[in-house]
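Structure, as structure tokens:
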Amino acid sequence: MNPGALSYVLVSVFGVGAVVSGWLVFRTDSMLRAAYWLMVSFVAVGAMLVVLDAQFLGLILILMMSGEMTIMAIFMIMFMMNPAGLNPMVMVHQNRTAIAAGVGSFLVLAWVGLVAEFPDRPAPIDDPTAELGEELLGRSMLVFESAGVALLAVMIGAIALAAKRGRFGDADAGSVEPAIDIESSVDPAVEAVADADHADDADDHGAGHGMGHGT
Amino acid sequence: MIQLLLVFAAAIFGIGVYGALSQQSFVMIMMGLELMLNSAVLVVITFWWGTTGGNPAGQLLVIVVLAVMAIEAAMGFALVTAVYRSRKADITEKLKKLRS
């Protein structure tokens, strides 16, 4: 398919929008606004996908990232200072190195994109969504299922990480490895939990021995 | 058209690299990573659209990248929560050591 002038215009507008909003993510004083600028960047890229005949993926990207950025905004309000941007905020380190790395990666990738020769085999306009559906539920079903299993594993891992109560006591009390001598190195909160666990173990051993003697 | 799209993708990736390397806040670092993945989505669809003759495996790769984005966000938020609970830290400068 040869792109028309309208496609060029739309891709240019959305592309500039994606880049500018991506840049504003790191320029705004409000971390909440940063999350929404990132959402604007994702929406612009999703619109570019729609222009490039990947309508399904474009809309999925927009829907998914709108939800994710809303969750991210909630995290901003929960954890971060200055979520509303009422005070000027510069929270950066190694700024010059980061700028050099960002500009350098842009120049290298843009140079590759401009200089390299790519095959000219444009996608037909038939029905890319139907083709994707047949691919997902046909030849590449294992890939699709693997992504689902990975997401399930991540859900379990995220719950385990974010849970307040861990294996070694409350998360507020700090983490302690099993090899460390608990009595000499941790604060009283963790020590109390460890003592309770030792007492339980002793009871279990005692009960086990008792049963052994009885039989 | 492909060159124009790749330049846009390179710009988004460069901004993501800057953000991931320069920000102190954990969540802002995640935003930089998300921008890099955003660029990857654009590049994959660009090559699917212009160079593969519409091979649906190209679209499938975007599904995989979207799954990676979801995984990165979920694990990132969980780690931020865990680190804040155990160290009361929300920026990288508060984590000088792996062990407290």
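Residue numbers (this note's numbering), protein chains in the order written: chain A, 120 to 334; chain B, 12 to 111.
Using N, Cα and C, we set each Cβ at its ideal position, and we do this for glycine too.
- Only residues of its own chain outside the window of five on either side were considered, and among them Ser-50, Leu-53, Val-54 have a CB closer than 6 Å to the CB of Ala-20(B), listed in chain order.
- Excluding sequence positions up to five before and after Glu-264(A), its CB lies less than 7 Å from no other CB in the same chain.
- Across the set Gly-141(A), Leu-271(A), Asp-239(A), Leu-171(A), the C-alpha of Leu-171(A) shows the shortest separation from the C-alpha of Tyr-127(A).
- Look at Ala-81(B): its C-beta is under 8 Å from a C-beta on chain A.
- Within chain B, the residues whose beta carbon sits less than 7 Å from that of Gly-141(A) are Ile-23, Ile-26, Leu-46, listed in sequence order.
- Chain-order list of chain A residues neighbouring Ile-13(B): Gly-232, Phe-237, by C-beta distance under 8 Å.
- Apart from sequence neighbours up to five positions away, the residues of its chain that approach Leu-16(B) with a beta-carbon distance below 6 Å are Thr-57, ordered along the chain.
- Around Phe-24(B), the same chain offers Met-47, Ser-50 as residues with beta carbons nearer than 7 Å, after the five sequence neighbours per side are excluded.
- Short of 6 Å from the beta carbon of Val-169(A), and not among the five residues preceding or following it, lie these beta carbons of its own chain, in chain order: Gly-177.
- Around Ala-269(A), the beta-carbon contacts reaching into chain B at under 8 Å are Ala-78, Ile-82.
- Excluding its 5 nearest sequence neighbours in each direction, Met-42(B) has C-beta neighbours in its own chain below 7 Å: Gly-30, listed in chain order.
- Between Gly-134(A) and Met-167(A), the gap from beta carbon to beta carbon is short of 8 Å.
- For the options Leu-77(B), Met-39(B), Thr-63(B), the alpha carbon positioned closest to that of Val-262(A) is the one of Leu-77(B).
- Residues of chain A whose Cβ lies closer than 8 Å to the Cβ of Ile-102(B) are, in chain order, Met-210.
- Taking the Cα positions, Ala-192(A) is about 13 Å away from Val-159(A).
- Just so you know, the alpha carbons of Pro-247(A) and Leu-72(B) end up roughly 14 Å apart.
- At least one C-beta of chain A is nearer than 8 Å to the C-beta of Ala-89(B).
- In terms of beta-carbon proximity, Leu-16(B) lines the interface with chain A, with at least one pair separated by less than 8 Å.
- For Met-210(A), no alpha helix (DSSP H) encloses it, and the DSSP letter there is neither H nor E.
- For Arg-98(B), the enclosing alpha helix (DSSP H) stretches over residues 67–98.
- For Glu-250(A) and Ala-137(A), the gap between their C-alpha atoms comes out near 28 Å.
- Under the three-state reduction of DSSP output, Arg-258(A) falls in the coil class, being neither helix nor strand.
- Assignment of beta strand (DSSP E) within the stretch 165–242 of chain A, counting only whole runs of 3 or more residues, yields no such run.
- Identification of chain A residues near Leu-106(B) by a Cβ-Cβ cut-off of 9 Å yields none; the smallest Cβ-Cβ distance measures about 12 Å.
- About 31 Å separates the CB atoms of Gly-232(A) and Met-86(B); that is not less than 8 Å, and the two are not in contact.
- Straight across, the Cα-Cα distance linking Arg-215(A) with Ser-224(A) is about 14 Å.
- If you compare the alpha carbons of Ser-33(B), Met-39(B), Gly-65(B), Gly-27(B) with that of Pro-241(A), the shortest gap goes to Gly-65(B).
- A direct Cα-to-Cα measurement between Trp-156(A) and Pro-67(B) gives close to 31 Å.
- Leaving aside the five residues that flank Ile-102(B) on each side, the residues in its chain whose CB is nearer than 8 Å to its CB run, in chain order, Gln-35, Ser-36, Phe-37.
- Counting only runs of 4 or more residues that sit fully inside the stretch 15–53 of chain B, no alpha helix (DSSP H) segment turns up.
- With a 10 Å radius around the Cβ and a threshold of 16 neighbouring Cβ atoms, Gln-213(A) comes out exposed.
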